[in-house]
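FYI, the numbering used here numbers position 68 of the sequence shown as 68, with every residue one higher than the one before it. C-beta: ideal position from N, C-alpha, C; glycine also.
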Amino acid sequence: MSFKKHITLSNGAQLPQIGLGTWMSKPKEVENAVEIAVRNGYRHLDLAMIYENQDEVGAALKKVIPSVVKREDLFITSKLWNSAHQPDQVEKELEETLTQLGVDYVDLYLVHWPIAFPPGNGFYPPHATKEGEVVIDTETTLVDTWKAMINLPKSK
């Protein structure tokens, strides 16, 4: 469904202008939606750890790679969540993403939001004294996160 329209990134990669996003997708519907989308020409998938559905996307990818499309003909984007901004967590979260998706690489890996939460207490670690608020990691900078991301391996 790219309609042969792409954006050329600085590294020469071709990003299809139209893609399927999986945010707010209902559980048990994502697998079917991704499979149908790929079978009907979509080549860009926009995913994220926080969407909590990458395992379903992975199940769909198993159905369409290589029978419908080669892995290299898909452009898969995923995102690093706030609770994994610490340099020692960045690669672990990418590895978890790759495992959930059942692929050896993603084409684009982004910082989802430029703010860090402490790791180890869920996606939204609750503040100890302020109800309804999350704890912010004030020690980890976006530069720390970025440096860890640019040093990530290009594939498994």
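Exercise for the section: Pull up the distance between the alpha-carbon of threonine 8 and that of leucine 152, whole angstroms please. Expected result: 22 Å
Problem - Per DSSP, the bridge partner or partners of threonine 8 - result: Gln14
Problem - DSSP three-state assignment for serine 155, whether helix, strand or coil - result: coil
Handout entry: Limits of the beta strand (DSSP E) - the one that valine 135 falls within
Key = Looking at the DSSP string, valine 135 is not in any beta strand (DSSP E), and its letter there is neither H nor E.
Problem - Top-ranked residue by Cα proximity to glutamine 54, from Arg39, Lys156 and Val34 - result: Val34
Exercise for the section: May I ask you to verify whether the region 44-60 touches the region 14-23, counting CB pairs closer than 8 Å and requiring at least 3? Expected result: yes
Problem - DSSP three-state assignment for threonine 22, whether helix, strand or coil - result: coil
Problem - Sequence-distant residues of its chain with Cβ nearer than 6 Å to lysine 5 (five each side left out) - result: Gln17
Practice task
Tell me, please, which residues DSSP counts as bridged to aspartate 46.
Solution key: Gly21 and Thr77
Practice task
Could you tell me if isoleucine 36 is buried or exposed, where buried requires 16 or more neighbouring beta carbons within 10 angstroms of its beta carbon?
Solution key: exposed
Handout entry: Beta-carbon proximity of leucine 45 to leucine 74, cut-off 9 Å
Key = yes
Exercise for the section: Report yes if the CB atom of alanine 159 is closer than 9 Å to the CB atom of aspartate 88, and no otherwise. Expected result: Since the first residue of the chain shown is 1 and the last is 156, residue 159 is not available in this structure.
Problem - Coarse secondary structure for tyrosine 124, derived from DSSP in three states - result: coil
Practice task
Can you grab the Cα-Cα spacing for the pair glutamate 96 / threonine 129, in whole Å?
Solution key: 31 Å
Practice task
For serine 78, count neighbouring C-beta atoms within 10 Å of its own C-beta (all shown protein chains included) and say buried if the count is 16 or more, exposed if not.
Solution key: buried
Problem - Backbone CA spacing between phenylalanine 123 and lysine 70 [nearest angstrom] - result: 33 Å
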